[in-house]
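Undergrad:
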Amino acid sequence: MIDIPGFLRNSRIRTVDNTDNNSNNGNPEENNSDFEVNDILNFYTEKGSVADPQSMTFSISGEDHTLGNALRYIIIQNPEVEYCGYSIPHPSEDKLNIRIQTTENTTAIDAMRKGLEDLKSLCAKISETFYKANRDFDEKNDIS
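Numbering (UniProt numbering), first residue to last: 1 to 144.
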């Protein structure tokens, strides 16, 4: 398990019903431990949001364009995903909406799960490469 400070640590994710965005049936569980894909997918479903499992909107609080664009890019690489886009409803709202539409072979939740797992793997690889290059530089230049 890798620790990614600030990256989804205190995020809240839930599906959004496109017909009634003002309903609130409860709160997602808080996750203050290290980032785990299954933890972040502990969301609740609002009325009507599972009518079409291939087309869903996910709402993540506490995140912005940094996560939105990265996650959109990763998810759209999946050949089973027909559409993936994100929006920040308003600059004063601390919320990110991600819309996913998939083929009949998979669901939007599965596409989101795979996207989060792939993004986590990519971040781990980038972190590993960065720290290895940093250690190599320090050794080469005799820096303690």
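Positions of the beta carbon are idealized from the N, C-alpha and C atoms, including for glycine.
Being a predicted model, the structure only gives us computed values, none of them experimental.
Out of curiosity, what's the CA-to-CA distance linking glutamate 139 and leucine 119?
TA: Locating residue 139 in the sequence shown gives position 139, counting from the first residue. Locating residue 119 in the sequence shown gives position 119, counting from the first residue. Rounded to whole angstroms, glutamate 139 to leucine 119 spans 30 Å at the Cα level.
Undergrad: Start and end of the alpha helix (DSSP H) containing serine 127?
TA: Here residue 127 is taken as the residue at index 127 of the sequence shown, counted from 1. 108 to 140 is the span of the alpha helix (DSSP H), which, as asked, contains serine 127.
Undergrad: Hey, could you find the ends of the beta strand (DSSP E) threonine 57 is sitting in?
TA: In the sequence shown, residue 57 corresponds to position 57, counting from 1. Run containing threonine 57: 55 to 61, per the beta strand (DSSP E) assignment.
Undergrad: Could you say which of Phe137, Lys125 and Ile98 lies nearest to tyrosine 73 if we only look at CA atoms?
TA: Residue mapping note: residue 73 aligns to position 73 of the sequence shown, counting from 1. For the residues Phe137, Lys125 and Ile98, the minimum Cα distance to tyrosine 73 belongs to Ile98.
Undergrad: Where phenylalanine 130 and aspartate 136 are concerned, what is the direct C-alpha to C-alpha distance, given to the nearest angstrom?
TA: Your numbering for residue 130 matches position 130 in the sequence shown. Your numbering for residue 136 matches position 136 in the sequence shown. Distance between the alpha carbons of phenylalanine 130 and aspartate 136 is about 10 Å.
Undergrad: Give me the Cα-Cα distance between threonine 103 and alanine 133, rounded to the nearest whole angstrom.
TA: If you number the sequence shown from 1, residue 103 lands on position 103. If you number the sequence shown from 1, residue 133 lands on position 133. Their Cα atoms are separated by approximately 41 Å.
Undergrad: Would alanine 124 be called buried (16 or more neighbouring beta carbons within 10 Å of its own) or exposed?
TA: Taking the sequence shown and counting its residues from 1, one reaches residue 124 at position 124. It counts as exposed.
Undergrad: Between which two residues does the beta strand (DSSP E) containing asparagine 97 stretch?
TA: Numbered from its first residue, the sequence shown carries residue 97 at position 97. 95 to 102 is the span of the beta strand (DSSP E), which, as asked, contains asparagine 97.
Undergrad: Candidates His90, Thr106 and Phe58: which alpha carbon is nearest glutamate 80's?
TA: For the purposes of this step, residue 80 is taken as the residue at position 80 of the sequence shown. Among His90, Thr106 and Phe58, the Cα nearest to that of glutamate 80 is on Thr106.
Undergrad: Threonine 57: which of Glu117, Asn141 and Ser87 sits nearest, CA to CA?
TA: What you label residue 57 is simply residue 57 of the sequence shown in a count that begins at 1. Cα-wise, what sits closest to threonine 57 is Ser87.
Undergrad: Does the beta-carbon of alanine 51 have 16 or more other beta-carbons within 10 angstroms, so that it is buried, or is it exposed?
TA: Your numbering for residue 51 matches position 51 in the sequence shown. Exposed.
Undergrad: Rank Gln77, Cys84 and Gln54 by C-alpha distance to the C-alpha of glycine 68 and give the top, closest one.
TA: Residue mapping note: residue 68 aligns to position 68 of the sequence shown, counting from 1. It is Cys84.
Undergrad: Hey, out of Gln101, Pro91 and Pro89, whose CA is closest to proline 53's CA?
TA: The residue labelled residue 53 in the question sits at position 53 within the sequence shown. Nearest option by C-alpha distance: Gln101.
Undergrad: Give every residue of the same chain whose Cβ lies closer than 7 Å to the Cβ of alanine 111, excluding the five residues on either side of it in the sequence, and list them in chain order.
TA: For the purposes of this step, residue 111 is taken as residue 111 along the sequence shown, with counting starting at 1. Taken in chain order, the residues that qualify are Ile75, Asn78, Glu80, Val81, Ile100 and Thr102.
Undergrad: Span of the alpha helix (DSSP H) holding isoleucine 75?
TA: To locate residue 75, count along the sequence shown from 1; it is residue 75. That run of the alpha helix (DSSP H) goes 65 to 76.
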